[in-house]
Amino acid sequence: MNAVDVHDVWKYYGDFPALRGIELSVERGACLALLGRNGAGKTTLLRIIAGLSRPAKGRVNVLGENARDKNTRRGIGVLGHSIGVYEELSALENLRLFARLYGMPDPTRTALEWLERTGLSVVRDGLVREFSRGMRQRLAVARTFLHDPALLLLDEPFTALDDRAIGVLQSLLKQAQSDGRSIIMSTHQLREALELATDVALVNRGKLAFRGPRSQEMLDDPGWLYRNYGEA
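Under this note's numbering, the first residue of the sequence shown is numbered 31, with each subsequent residue one higher.
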């Protein structure tokens, strides 16, 4: 059973087809780099896989179940453009709240562990509204990982992270791969994505233009994929 199966998915915004007949499977334990230019449809596809948006046509299964099923969504960790944390709560209060929502057996211990792993222990009682963008992003990373999701969906995860935080995220993603978790990561930072990826998909104007294993050629020349399969 695959981690994700996308079958003939279409999505419209008004009359505009944001996604056009997407067929995509992701094996368990794989890390898929989802690439494409701005407006290609990457975020729309990730939101549909996450169960946050309904396709106009087609279906999506996650771990063998409908992506919009409540229990299925509990097994997904999503890091999107929106930070998705509460500004009027402290870092500790945020993570403790999400740990409770996900039914973790010891929410406080879970929250403290992830504050430590993301380098936020020293500001655990600080209000999120006083945090820098990078600190908020690290808190969002902790929120994404804290319930041990089987599938991670990451939309521009390296945005606003400093070098240290990028290293933390890369380490967490490598550990997730080692643990057999599945990852779909959309990003414009090709080198970071390709170093982690086992597979690559390129979306071009709502269509899947390329799908295959990550190759050494892509690592050596990150622009190769766009030149050969992207827009002319």
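Ideal Cβ placement from N, Cα and C applies to all residues, glycine included.
ask   = Helix, strand or coil: which one does DSSP assign to A239?
value = strand
query = So, using beta-carbon positions, are L150 and A180 closer together than 8 Å?
reply = no
query = Do three or more CB pairs link the region 42-51 to the region 99-107 at distances below 8 Å?
reply = no
query = Leaving out the 5 sequence neighbours to the left and right, which residues in its chain are closer than 8 Å to E222 when beta-carbon positions are compared?
reply = Apart from sequence neighbours up to five positions away, the residues of its chain that approach E222 with a beta-carbon distance below 8 Å are F188, I196, Q200, ordered along the chain.
query = Mind checking whether G94 and M31 have CB atoms under 8 Å apart?
reply = yes
message = As a quick exercise: from G260, H37, L49, L64, pick the residue whose alpha carbon is nearest that of D229.
response = Among G260, H37, L49, L64, the Cα nearest to that of D229 is on L64.
ask   = Taking Cβ positions, are A227 and L62 nearer each other than 8 Å?
value = In this structure, A227 sits near L62, with a CB-CB distance shorter than 8 Å.
request  = Can you grab the Cα-Cα spacing for the pair A48 / G164, in whole Å?
outcome  = 30 Å
request  = Please determine, among G107, L182, V171, the residue with the shortest C-alpha to C-alpha distance to L191.
outcome  = V171
message = Please identify the residue among I106, L142, I52, V153 whose C-alpha is closest to the C-alpha of L183.
response = I106
query = Where does the unbroken beta strand (DSSP E) through E225 begin, and where does it stop?
reply = No beta strand (DSSP E) contains E225, which is instead part of the alpha helix (DSSP H) from 220-226.
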